[in-house]
Amino acid sequence: MFAIIKTGGKQYKVSEGDIIKVEKIEAEAGDKIEFDQVLMVAGDDVKVGSPVVEGAKVSAEVLDQKKDKKIVIFKFKAKKNYRKKKGHRQPYTLVKIEKIDA
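FYI, in my numbering the residues of the sequence shown are 108 to 209.
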């Protein structure tokens with residue numbers, strides 16, 4: 108059985124026991140969270156929502172809060188001695204899917 112959930116403006120295909128990396132969620136490690144925006148559930152039969160499946164939810168546990176690898180932004184203008192270097196690390200939440208209720 109799997110489900111497609113929406114969180115942080117992105118969609119994820121999840122099954123029970125999966126560990127996924129989602130956009131940052133305000134929760135501590137060990138907290139239980141629920142995703143109620145379930146777009147599709149598939150098992151013995153398929154339920155497709157318009158836009159969400161009514162009454163469906165996915166339960167998960169927060170494992171950790173981390174930051175992604177650093178990306179470097181470098182701007183320059185030729186022949187003008189103009190250079191700017193910036194870095195960014197996007198925060199994310201590591202989540203373990205525990206149960207899919209449809």
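Beta carbons are placed, not taken as given, at the ideal position from N, Cα and C, and that holds for glycine.
8 Å CB neighbourhood of residue i in its chain, flanking five on each side removed
i: residue 194; result: 177, 178, 179, 180
i: residue 171; result: 136, 200, 201
i: residue 115; result: 129, 130, 131, 132
i: residue 187; result: none
CA-to-CA distance, residue j to residue i, given in whole angstroms
i: residue 150; j: residue 163; result: 13 Å
i: residue 119; j: residue 185; result: 42 Å
i: residue 196; j: residue 209; result: 36 Å
i: residue 158; j: residue 136; result: 30 Å
i: residue 112; j: residue 123; result: 13 Å
i: residue 182; j: residue 134; result: 35 Å
Buried versus exposed call for residue i [16 or more other C-beta atoms within 10 Å across all chains shown]
i: residue 142; result: buried
i: residue 189; result: exposed
i: residue 167; result: buried
i: residue 155; result: exposed
i: residue 160; result: buried
Neighbourhood of residue i by C-beta, 6 Å cutoff - its chain only, sequence neighbours within 5 removed
i: residue 110; result: 121, 145, 148, 165, 207
i: residue 198; result: 131, 174
i: residue 191; result: 182
Beta-carbon proximity list for residue i, same chain, < 7 Å, skipping 5 on both sides
i: residue 139; result: 166, 168
i: residue 212; result: Nothing in the structure corresponds to residue 212, since the chain is present only between 108 and 209.
Which listed residue (the options) has its alpha carbon closest to that of residue i
i: residue 108; options: 187, 182, 153; result: 153
Check whether the segment 121-128 and the segment 195-205 are in contact - that is, three or more C-beta pairs closer than 8 Å. Taking 8 Å as the limit for Cβ pairs, the verdict is that the segment 195-205 does touch the segment 121-128.
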